[in-house]
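Below: one structure, written as structure tokens.
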Amino acid sequence: MPFTKRGANLTVTLLASLLVITLITGCSNPSSDAEEEAAQPSSTPPSAEAPNDSDKQEGAAPSGQTRGGDGSEITLNALTEEDMNESSLPGELGCQFTTDDREVLLIAMGNVGSSDAAQGVVKVAGYVERVSAPGGFNGITESPTFNGKGKTVHIEVTGDPSEGEESPPRPAMLTYDRADGAQRDWQGEWRCGP
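FYI, in mature numbering (1 follows the signal peptide of the UniProt record, and there is no 0) the residues of the sequence shown are -33 to -1, 1 to 161.
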């Protein structure tokens, strides 16, 4: 029976290798294809989805354009209700960043008094991606920094609460830093609570 075990081990190894290749291919950066297409002149006008200098809205309304990096745009899309529900973030309380156009760009949850990292999600170029910040819920209420694969998202609270309710929103700026040095800012508000 050593042949059967060896054959089974080989089959499992091959299947695992194929799975890894499939995952790597599925997670590869789709922007390289877009960069190649952008480098070739086109006789047709850009589509509604293609960014251009006159198009100020890309996903959520940006407060600024991408600075630095390889020159490709940073696109954060609004999280849908489905995105938020499917993220299944652990924690008893949460925070969210909402743009001036009322689009939610980041949500995060954590436990009060916990040393476990708060977990959050952002939607980058159509893909929901996880981020985390240290210190549980208490660590994300005042200008937190979230880290994820190839990204850092910093929330800077820029003013006092605009309303007098229990969990009032505060003016804030979200800065997205990509691993290649690119940055982009969005103005909005940071709200934390139940």
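From the three backbone atoms N, C-alpha and C, an ideal C-beta is built for every residue, glycine too.
Return helix, strand or coil for residue i, following the three-state DSSP convention.
i           : result
residue -5  : In this predicted model, residue -5 has a pLDDT of only 47, less than 50, meaning its place in the structure is not dependable enough to derive any value.
residue 115 : strand
residue 38  : coil
residue 68  : coil
residue 106 : helix
residue 134 : coil
List the DSSP bridge partners of residue i.
i           : result
residue 63  : 74 and 158
residue 90  : 44 and 95
residue 140 : 123 and 154
residue 85  : 100
residue 169 : Any property of residue 169 remains undetermined from this structure, which presents the chain solely from -33 to 161.
Please determine, among the options, the residue with the shortest C-alpha to C-alpha distance to residue i.
i           : options              : result
residue 143 : 84, 45, 61 and 91    : 91
residue 99  : 136, 152, 43 and 74  : 74
residue 66  : 94, 147, 38 and 89   : 89
residue 141 : 44, 64, 49 and 46    : 64
residue 43  : 135, 120 and 61      : 120
residue 111 : 84, 94 and 69        : 84
residue 49  : 139, 94, 130 and 156 : 94
Assuming residue i contacts residue j under a Cβ cut-off of 8 Å, what Cβ separation, rounded to an integer in Å, is found between them?
i           : j           : result
residue 79  : residue 104 : 5 Å
residue 96  : residue 115 : 6 Å
residue 124 : residue 145 : About 22 Å separates the two Cβ atoms, so there is no contact after all.
Hey, is the segment 137 to 153 in contact with the segment 55 to 63, meaning 3+ C-beta pairs nearer than 8 Å? no
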